[in-house]
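Data block below; observations after.
Residue numbers (this note's numbering): 14 to 154.
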């Protein structure tokens, strides 16, 4: 068994890691994140308001892994021009591949995490908004 070494938050940047906390405008999500210099991140999100869709987007080379601690998420992806919906509850997880337009519908009080990591040879950020998908989802749920 190895001994634990506690690194003070103020020293994280020495190791290429930064800590972020913010509340999102509009949805009032609380987000807490650890990010590495290469753009990889782990974020915990706490939903603070009524049910809502996040903004639809895609990534050129970033993979996202979602995990649900409590509550539920509806994952929406755009495949060949059609919306595909899947529901995930506490204890479940799912991933999104690069190039797939996607978003999540967040139930009130849901707590979930996302891990983002990128294919080799690409630069962060590679986030692209998908407003057409947002329009398609407007009347769903």
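Ideal Cβ positions, reconstructed from N, Cα and C, are used throughout, including at glycine.
Quick one, are the C-beta atoms of residue i and residue j less than 8 Å apart?
i          : j           : result
residue 83 : residue 63  : no
residue 54 : residue 143 : no
Which one of the options has the shortest CA to CA distance from residue i?
i           : options             : result
residue 56  : 71, 124 and 149     : 124
residue 131 : 115, 70 and 110     : 110
residue 47  : 129, 117 and 17     : 129
residue 43  : 61, 92, 28 and 66   : 61
residue 112 : 126, 66, 95 and 140 : 140
residue 33  : 40, 22 and 93       : 22
residue 52  : 88, 37, 101 and 138 : 138
residue 145 : 18, 74, 54 and 90   : 90
residue 108 : 143, 86 and 121     : 86
residue 59  : 73, 29 and 120      : 120
residue 157 : 114, 133 and 27     : Past the boundaries of the shown model lies residue 157; the chain is included only from 14 to 154, so the question cannot be answered.
residue 147 : 133, 101 and 96     : 96
residue 74  : 27, 134 and 99      : 134
Tell me the rounded alpha-carbon separation between residue i and residue j.
i           : j           : result
residue 155 : residue 78  : This structure gives no information on residue 155, because the portion of the chain shown stretches from 14 to 154.
residue 31  : residue 25  : 6 Å
residue 66  : residue 50  : 29 Å
residue 126 : residue 81  : 6 Å
residue 118 : residue 19  : 36 Å
residue 149 : residue 68  : 12 Å
residue 38  : residue 45  : 15 Å
residue 122 : residue 101 : 14 Å
residue 28  : residue 151 : 42 Å
residue 98  : residue 17  : 42 Å
Beta strand (DSSP E) runs contained entirely in the segment 82 to 143, provided each spans 3 or more residues: 85 to 92, 95 to 102, 106 to 109, 115 to 119, 124 to 131 and 140 to 142
Inside the segment 24 to 49 only - beta strand (DSSP E) runs reaching at least 3 residues: 30 to 36 and 43 to 49
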